[in-house]
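Structure first, then comments.
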Amino acid sequence: MGARWLLNLALMLAAGQAAAADTLRCGSQLISVGDRSGEVLQKCGEPIARDVLGYKRSANRREEFQVEEWTYGPNSGMYQYLRFEGNRLVQITSKRGN
Numbered sequence: 053m054g055a056r057w058l059l060n061l062a063l064m065l066a067a068g069q070a071a072a073a074d075t076l077r078c079g080s081q082l083i084s085v086g087d088r089s090g091e092v093l094q095k096c097g098e099p100i101a102r103d104v105l106g107y108k109r110s111a112n113r114r115e116e117f118q119v120e121e122w123t124y125g126p127n128s129g130m131y132q133y134l135r136f137e138g139n140r141l142v143q144i145t146s147k148r149g150n
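Letter by letter, the sequence shown follows residues 53 to 150 in the working numbering.
This is the structure we're talking about:
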């Protein structure tokens with residue numbers, strides 16, 4: 053029974069860590085994957101860097117949209133990288149700075 057309980061606890065912790073990658077706290081505000089770039093700018097302010105990574109075609113290949121990465125930080129030694137595709141936040145990653 054103890055091993056089963058530990059396995060369940062480990063699975064819950066792993067699920068919690070995966071969910072944390074879908075949100076980011078900016079002061080007292082939260083941003084989430086799916087938010088528009090204007091919402092993120094309003095809640096988090098101007099990033100320290102904005103990089104255009106290129107363009108991506110939609111699934112039906114009729115449209116093309118810009119892919120951009122915004123950098124925030126350092127916050128306690130961590131940088132946050134926000135990836136936008138077609139004006140929507142699609143990925144939040146964090147990396148410890150040098």
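C-beta atoms are modelled at their ideal positions from N, C-alpha and C, and glycine is treated no differently.
These figures come from a predicted structure and were not determined experimentally.
Subject >> S128 - DSSP class collapsed to helix/strand/coil >> reply: Against the sequence shown, residue 128 aligns to sequence position 76. Correct three-state label for S128: coil.
Original post:
Residues bridged to E121 by DSSP?
Top reply: Counting from 1 along the sequence shown, the entry for residue 121 is found at position 69. The partner list for E121 (beta bridge, DSSP) reads D103 and R135.
**OP:** Go ahead and label I83 buried or exposed: buried means 16 or more other beta carbons lie within 10 angstroms of its beta carbon, across all protein chains shown.
**Re:** Numbered from its first residue, the sequence shown carries residue 83 at position 31. Buried: at least 16 other Cβ atoms inside 10 Å.
Original post:
Alpha carbon to alpha carbon, what distance is there between P126 and Q118?
Top reply: Looking up residue 118 in the sequence shown gives position 66. Looking up residue 126 in the sequence shown gives position 74. Computed Cα separation, rounded: 26 Å.
Original post:
Between the Cα of F136 and the Cα atoms of T145, G149 and R113, which residue gives the shortest distance?
Top reply: Counting from one through the sequence shown, the residue named residue 136 turns up at place 84. The shortest Cα separation from F136 among T145, G149 and R113 belongs to T145.
Original post:
In terms of residues, what are the limits of the alpha helix (DSSP H) holding V92?
Top reply: Translated into the one-based positions of the sequence shown, residue 92 becomes position 40. Run containing V92: S89 to C96, per the alpha helix (DSSP H) assignment.
Original post:
In chain order, what residues of the same chain lie with their CB nearer than 7 Å to the CB of G86, ignoring the 5 residues before and after it?
Top reply: In the sequence shown, residue 86 corresponds to position 34, counting from 1. Excluding positions up to five away in sequence, the list reads R140 and L141.
Original post:
Shortest alpha-carbon distance to K108 belongs to which of E120, S128, L134 and R88?
Top reply: For the purposes of this step, residue 108 is taken as residue 56 along the sequence shown, with counting starting at 1. Taking only the C-alpha atoms, the option nearest K108 is E120.
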